[in-house]
Amino acid sequence: MEYSERVLCGSGEVELDPNIVSEEAGKLYSELQMVIETHGESVVESLVPIFVWVLEGLAGCKAQLRDREEEAEREKAEREELLDRYQAEKALRKESQERYLELDDQFEQERRAIRGREKERERRERELEKKARGQADQLVALEEQKANLNRELNTLKNTHNKLAHTYRDLLEKRKDSERDSPLRNQVRLKNAECSSNSSEASMNGKMIQRPHSLSGPPCLEDVFPKKENAIEISGKPAPHQFINDIISSTPELRHFHGSGDASTPVRPNSKEGDVLETSVEEEMRQVEEKEGQVEEEKGGEGKEKDKQEEEEEEEEEEDDSMEWDLRNTDSVFSELSELSRDYVESVDRGASVRGSADQFEEILCQYEELKVTHELVEAARKALISRVVELTDDRSALKLEVTSLQETASRLEGRMKEKEEETKRIRKELETCQSEDPDASLPTSMRPFSRSEMARVVMEKNQYKQRLLELQEAMRKSQTLRAINDERLTNDKSVWKKFNRFFGLTKGPLIPPHAPTFARPTSPSLTRPPLGSPQLPAVGQTRAERREIYKEIRSYLWGSLGKRQIHGWSTPLANTQESHEPVPEPKDVPVLIQLRLLDQRDSTAKMNCAVAVAPEISGEATCSVWVVSGPASCSDITVIDPARSNTVLDQFSLTPTAPALCICAVPPIGDTAGTVWIGTQEGSMLVHSASAGRRLCLHSVSLSEGVHSLTYSQSKVIAGLGDGTLAFFSHSSDGWNLQSHSVLPLGSNPLQPIRCCLEKSGRLWVGYWNKIHVVDVDSKKVEQTFSVSERSEQQVRFLCAGGSGVWTSCRLDPILRLFDWSTGRPLQEVDFTALVTKTLGQAFLTLSPLQISSLAVISGRLWVGTGGGAIFTIPLSITSEAVSIPYCSISSAQLCYHGHRQAVRFIIAAPSCLIIPPGSTTITNSQLIISGGEGHINFRLGDDASEESEDLPKTTPQRSERSQMIIWQNTTPSVPSPAL
Numbered sequence: 001m002e003y004s005e006r007v008l009c010g011s012g013e014v015e016l017d018p019n020i021v022s023e024e025a026g027k028l029y030s031e032l033q034m035v036i037e038t039h040g041e042s043v044v045e046s047l048v049p050i051f052v053w054v055l056e057g058l059a060g061c062k063a064q065l066r067d068r069e070e071e072a073e074r075e076k077a078e079r080e081e082l083l084d085r086y087q088a089e090k091a092l093r094k095e096s097q098e099r100y101l102e103l104d105d106q107f108e109q110e111r112r113a114i115r116g117r118e119k120e121r122e123r124r125e126r127e128l129e130k131k132a133r134g135q136a137d138q139l140v141a142l143e144e145q146k147a148n149l150n151r152e153l154n155t156l157k158n159t160h161n162k163l164a165h166t167y168r169d170l171l172e173k174r175k176d177s178e179r180d181s182p183l184r185n186q187v188r189l190k191n192a193e194c195s196s197n198s199s200e201a202s203m204n205g206k207m208i209q210r211p212h213s214l215s216g217p218p219c220l221e222d223v224f225p226k227k228e229n230a231i232e233i234s235g236k237p238a239p240h241q242f243i244n245d246i247i248s249s250t251p252e253l254r255h256f257h258g259s260g261d262a263s264t265p266v267r268p269n270s271k272e273g274d275v276l277e278t279s280v281e282e283e284m285r286q287v288e289e290k291e292g293q294v295e296e297e298k299g300g301e302g303k304e305k306d307k308q309e310e311e312e313e314e315e316e317e318e319d320d321s322m323e324w325d326l327r328n329t330d331s332v333f334s335e336l337s338e339l340s341r342d343y344v345e346s347v348d349r350g351a352s353v354r355g356s357a358d359q360f361e362e363i364l365c366q367y368e369e370l371k372v373t374h375e376l377v378e379a380a381r382k383a384l385i386s387r388v389v390e391l392t393d394d395r396s397a398l399k400l401e402v403t404s405l406q407e408t409a410s411r412l413e414g415r416m417k418e419k420e421e422e423t424k425r426i427r428k429e430l431e432t433c434q435s436e437d438p439d440a441s442l443p444t445s446m447r448p449f450s451r452s453e454m455a456r457v458v459m460e461k462n463q464y465k466q467r468l469l470e471l472q473e474a475m476r477k478s479q480t481l482r483a484i485n486d487e488r489l490t491n492d493k494s495v496w497k498k499f500n501r502f503f504g505l506t507k508g509p510l511i512p513p514h515a516p517t518f519a520r521p522t523s524p525s526l527t528r529p530p531l532g533s534p535q536l537p538a539v540g541q542t543r544a545e546r547r548e549i550y551k552e553i554r555s556y557l558w559g560s561l562g563k564r565q566i567h568g569w570s571t572p573l574a575n576t577q578e579s580h581e582p583v584p585e586p587k588d589v590p591v592l593i594q595l596r597l598l599d600q601r602d603s604t605a606k607m608n609c610a611v612a613v614a615p616e617i618s619g620e621a622t623c624s625v626w627v628v629s630g631p632a633s634c635s636d637i638t639v640i641d642p643a644r645s646n647t648v649l650d651q652f653s654l655t656p657t658a659p660a661l662c663i664c665a666v667p668p669i670g671d672t673a674g675t676v677w678i679g680t681q682e683g684s685m686l687v688h689s690a691s692a693g694r695r696l697c698l699h700s701v702s703l704s705e706g707v708h709s710l711t712y713s714q715s716k717v718i719a720g721l722g723d724g725t726l727a728f729f730s731h732s733s734d735g736w737n738l739q740s741h742s743v744l745p746l747g748s749n750p751l752q753p754i755r756c757c758l759e760k761s762g763r764l765w766v767g768y769w770n771k772i773h774v775v776d777v778d779s780k781k782v783e784q785t786f787s788v789s790e791r792s793e794q795q796v797r798f799l800c801a802g803g804s805g806v807w808t809s810c811r812l813d814p815i816l817r818l819f820d821w822s823t824g825r826p827l828q829e830v831d832f833t834a835l836v837t838k839t840l841g842q843a844f845l846t847l848s849p850l851q852i853s854s855l856a857v858i859s860g861r862l863w864v865g866t867g868g869g870a871i872f873t874i875p876l877s878i879t880s881e882a883v884s885i886p887y888c889s890i891s892s893a894q895l896c897y898h899g900h901r902q903a904v905r906f907i908i909a910a911p912s913c914l915i916i917p918p919g920s921t922t923i924t925n926s927q928l929i930i931s932g933g934e935g936h937i938n939f940r941l942g943d944d945a946s947e948e949s950e951d952l953p954k955t956t957p958q959r960s961e962r963s964q965m966i967i968w969q970n971t972t973p974s975v976p977s978p979a980l
């Protein structure tokens with residue numbers, strides 16, 4: 001014993017053997033056996049509880065030490081991870097600094113190169129300026145030379161006129177003297193010709209040299225013989241034969257005569273002064289042409305310089321542009337030891353009487369047999385009662401099905417003809433579209449990738465990412481619950497495994513058993529996969545596994561809620577608690593009246609959303625419901641009358657471009673009739689008539705982002721888009737104009753679609769990420785913004801108003817929050833985890849992660865649909881729609897025994913429905929509540945209906961697995977009584 005105490009308490013070490021407590025318990029067990037054999041059992045009776053308490057304390061301390069060691073190891077691992085991240089960040093920072101220095105050097109080099117180019121450009125500018133100044137000086141000098149030449153020309157003209165006058169006088173005198181002798185005249189003429197030829201040669205040489213010399217005018221005395229000879233020759237009517245012979249016999253005279261004739265043609269009545277004047281004018285024109293050529297060369301050089309400067313400036317501009325996440329513990333011995341000795345002896349004496357002993361034993365045997373028979377009868381009676389309830393429910397469901405089938409059979413022929421006509425019309429439209437679209441004949445791989453397809457791909461990517469986050473959250477929660485269950489089961493088997501049968505008894509442990517809330521399911525179908533498994537419990541469950549889960553839910557439900565029901569609803573949780581005082585049943589409970597398939601023909605149709613079109617909007621006598629369904633690529637619209645079983649008013653398909661995400665009913669405004677607005681994933685918004693001609697699209701518009709929500713407020717329709725913006729469409733005197741609209745952006749990166757909006761009294765509550773923006777519809781400005789939860793990554797999904805409060809719900813969050821409408825102040829929080837586990841058990845959480853999939857406030861009750869298909873309703877404390885705060889109490893919550901197999905897609909109210917009560921012929925106006933989802937399940941019956949057909953191949957889903965709607969009739973007005 002001392003050794004044991006020294007080992008347990010004296011060492012004080014943190015690292016203990018995991019089995020040290022069990023070993024010490026075994027040693028104490030052997031020691032106590034030795035003491036009992038030596039001194040008897042009475043010696044150690046009082047010590048056993050103390051030993052157990054001490055060992056439990058040691059076990060608890062050991063567990064705490066182990067937890068602390070694990071926590072220290074986790075912190076150490078986190079510290080090492082942080083150090084690694086720090087080193088990585090440090091290395092990245094060093095690399096960024098080095099990169100920054102390199103970039104700085106590059107920038108400095110570029111600056112130097114730019115400065116060099118700037119200096120070179122300035123140098124070129126200076127050179128060009130010098131050249132321009134030189135050219136200007138040359139131009140001034142040429143102008144001065146031109147002025148001098150003009151003056152010399154005028155002087156020469158005056159001198160020429162004088163000489164011409166003198167020459168004429170001389171000619172007249174010579175004519176008078178030559179009249180005397182003709183022979184002398186011939187000799188004189190010959191001499192004159194010789195002299196004129198020589199004078200012409202000398203004059204030509206001087207004229208050739210004149211353009212090259214600007215010093216002064218040439219000598220004009222040598223020109224006169226030539227002029228004289230030319231005039232003499234031209235003045236004669238015909239040359240004499242004698243003179244011609246002399247000229248032909250002399251080669252020099254022949255040469256000069258030919259050149260003179262070619263250069264100076266003989267014209268009658270010509271004046272010598274005119275000839276000289278024209279020659280001088282030709283010389284002046286030649287000088288002016290040379291000056292013009294010089295100026296053009298200067299202008300060409302200036303243009304080339306300008307081009308060079310422009311090219312240099314363009315190069316400089318290009319260079320500039322380049323910079324830049326309480327048990328009885330007494331034994332039989334102790335109980336007998338407390339009795340008196342006389343009592344025991346009397347019993348022994350009575351046992352010796354043999355005559356009465358046989359009869360007594362026979363009576364005891366008969367009594368035991370009667371007792372067993374009574375228990376069997378009681379169990380059979382309970383089973384019969386439950387079976388009667390099941391058969392009653394099945395009978396009512398079968399009656400509804402028979403009625404619906406009869407009505408369907410009467411309408412099949414008409415529907416077939418209508419579908420044939422519609423098929424013909426669609427074929428014609430398809431042929432028209434194929435003829436209009438040239439790309440329709442091409443294969444899919446060769447078609448261009450359109451904008452709508454891009455939007456669809458991006459939206460599908462976002463949906464898959466969202467599903468991944470949901471699965472990760474479900475994995476985290478399942479691992480947490482499994483760890484809690486494993487820890488509690490381990491603690492239960494630590495110490496009492498050694499001491500529960502110490503005196504040969506079969507008693508349980510002294511501590512009370514744990515609550516069944518955290519009890520781990522024993523069914524093999526509930527075994528969770530290990531960490532890292534790609535398959536989660538909510539995904540890939542077979543029908544057999546789900547049937548086992550529904551069996552456990554049924555067993556737990558019968559045990560926790562009992563067999564009482566109120567119109568298909570459970571009694572409030574306060575009534576299920578054990579109490580001797582009777583609790584009155586709740587009033588105004590909705591009555592289940594119908595289970596309805598969405599489409600009798602299409603077994604794969606899945607509902608997305610729905611809206612109720614009241615008679616005030618459509619102008620009809622009763623309310624209709626528009627349901628949006630279809631696969632991932634397109635959507636169908638089904639218009640039904642919820643009051644008449646399986647009555648389809650109309651059914652049509654939307655444009656096969658993108659699925660519809662939201663739908664909204666807009667009341668009539670002025671001369672405009674009521675309409676139904678539909679928003680699609682690709683950004684299209686379609687407006688259809690609410691009454692006649694539902695299939696015809698009245699207006700349509702294509703937006704840049706997908707439409708995720710539609711809300712009507714004060715002659716405006718507000719659309720929540722996929723990029724975090726609100727689009728406002730207003731109504732004018734001409735009707736709805738969808739082409740002109742205003743936009744209010746709310747989001748910042750990362751962008752998130754606006755999926756929920758709530759309008760009341762001219763104010764709009766918009767849920768975006770984990771915040772709510774309060775927007776004034778008239779001014780289109782954000783008045784207030786507040787956070788719904790502390791987790792910034794959460795997303796507000798549902799908003800519903802009741803009284804003067806607003807209930808909100810976030811994605812993947814089982815908590816409902818109540819806010820004040822006028823101030824946005826939080827008023828109440830309700831966690832649905834405890835409610836679900838208390839009513840349906842822990843096995844329900846294995847079907848789907850616990851989350852709110854639909855939310856509505858209808859007739860003073862809060863309706864909540866979960867991701868597993870269960871539907872709850874809680875009365876609200878509403879006495880007036882204006883000032884009452886809609887508080888709720890979990891103790892008043894009720895579970896609907898009828899639910900869906902998948903998430904509840906929507907819960908809506910359909911007012912003003914015309915219903916004929918059973919057993920009556922009068923039509924009453926009542927309000928219906930409709931929920932939609934995939935499949936139907938009665939939690940009290942389970943899923944035993946599919947056991948027989950489990951092994952058969954399933955090409956189509958069963959009736960209970962198809963999309964169905966559950967319809968209740970409300971028996972209360974819109975505002976309940978103050979008693980609630």
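With the first letter of the sequence shown counted as 1, position 878 gets the number 878 in UniProt numbering; the numbers rise by one all the way through.
Even glycine gets a Cβ: it sits at the ideal position worked out from N, Cα and C.
In the structure shown, W968 adopts extended strand secondary structure according to DSSP, grouped into three states.
Counting other Cβ atoms within 10 Å of its Cβ, F819 reaches 16 or more and is therefore classed as buried. One alpha carbon belongs to S653, the other to S635, and they sit about 6 Å apart.
By the neighbour-count criterion, in which a residue is buried when 16 or more other Cβ atoms sit within 10 angstroms of its Cβ, G40 is exposed.
Membership of H708 in the beta strand (DSSP E) is indicated by the continuous run 707-713. When Cβ pairs closer than 8 Å are counted between the two stretches, the region 706-726 is seen to touch the region 744-763, the count reaching three or more. In the three-state scheme derived from DSSP, where H, G and I count as helix and E and B as strand, S386 is classed as helix. If the five residues before and after V707 are omitted, its C-beta is found closer than 6 Å to the C-beta atoms of G679, M685, A719, all from its own chain and listed in chain order.
By the Cβ neighbour-count rule, R133 is exposed, with fewer than 16 other Cβ atoms within 10 Å of its own. Counting other Cβ atoms within 10 Å of its Cβ, R79 stays below 16 and is therefore classed as exposed.
Judged by their CB atoms, G674 and I637 are not nearer to each other than the 8 Å cut-off.
When the Cα atoms are used, S42 and V35 turn out to be separated by approximately 10 Å. For the pair G805 and P875, the CB atoms are not nearer than the 8 Å cut-off. Sequence-distant Cβ neighbours of P572 in its own chain, meaning closer than 7 Å and more than five residues away, are P586, S891, S892, A893, Q894. By the neighbour-count criterion, in which a residue is buried when 16 or more other Cβ atoms sit within 10 angstroms of its Cβ, P631 is exposed.
DSSP places P826 in the uninterrupted beta strand (DSSP E) bounded by 826-831.
The DSSP assignment places no complete alpha helix (DSSP H) segment of no fewer than 4 residues inside the region 731-818. The Cβ neighbour count for W53, taken over all protein chains shown within 10 Å, is under 16; the residue is labelled exposed. Put simply, the backbone Cα of D831 is about 9 Å away from that of D813.
Sixteen is the threshold: when 16 or more other Cβ atoms of the shown chains lie within 10 Å of the Cβ of L928, as they do, the residue is buried. Every alpha helix (DSSP H) of 4 residues or more that sits fully in the region 592-677 is shown, in chain order, as 615-618. Taking a C-beta distance under 8 Å as the contact criterion, Q958 and I915 do not qualify as a contact pair. Below 8 Å, too few C-beta pairs join the region 662-670 and the region 426-433 to call them touching: fewer than three.
Note on geometry: alpha-carbon atoms of G60 and V21 lie some 10 Å from one another. The C-alpha of V864 is placed about 14 Å away from the C-alpha of R811. Under DSSP, P875 takes part in a beta bridge, and its partners are R861.
A72 counts as exposed, since fewer than 16 other C-beta atoms from the protein chains shown sit within 10 angstroms of its C-beta.
With respect to the 8 Å criterion, I871 and G860 are not classified as neighbours on the basis of their beta carbons. With distances taken between CA atoms, L58 lies nearest to E23 out of I640, E23, E422, S792.
L598 is a Cβ neighbour of S629, given a cutoff of 8 Å. Secondary structure at V589: coil, using DSSP grouped into helix, strand and coil. Excluding residues up to 5 positions away in sequence, F819 lie with their Cβ nearer than 8 Å to the Cβ of R825 in the same chain.
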